[in-house]
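Engineer:
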Amino acid sequence: MARGERLWTAEIMLRGAGAMLLGLCGFVLSRLHHGMVLVPHIPRAADYRLAALAVLCGCSGSALAAEGAGLFRLLPIPGRHASRRTRKTP
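Counting with numbering that gives the first Met the number 0, you get residues 0 to 89 for the letters of the sequence shown.
#1: Taking the alpha-carbon positions, what's the Leu31 to Leu73 distance?
#2: Would you check if the distance between the CB atom of Ala62 and the CB atom of Leu21 is smaller than 8 angstroms?
#3: Can you tell me where the alpha helix (DSSP H) holding His33 begins and where it ends?
#4: Could you give the C-beta distance for Cys24 and Gly67, rounded to a whole number, given that I count them as a contact under 8 angstroms?
#5: Compute the Euclidean distance between the alpha carbons of Ala18 and Leu6, then round it to the nearest angstrom.
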């Protein structure tokens, strides 16, 4: 992937992982909704942890599903934003 080649197996695996994370996000959200509707209660720490897990799975799953292996490609840094160690001195 560092050479710019497209590896279809990596694309399929990363996009599949993204789809699985989105599925996990939906499952966690349905469990949270189910728990709140059946037994209305003040949210506990476990409910907040499940909500945080749903947010993390949703964000990372949508990024992986949308970009696949392109999410990890190297991008050039413009000269004005490069650190002093990476800048070429004249």
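Beta carbons: idealized from backbone N, C-alpha and C, even for Gly. All figures in this text were calculated on a predicted structure; none of them were measured in a lab.
Structural biologist: Let me lay it out:
#1: 38 angstroms
#2: no
#3: Trp7 to Leu37
#4: The Cβ separation is near 18 angstroms, so there is no contact.
#5: 18 angstroms
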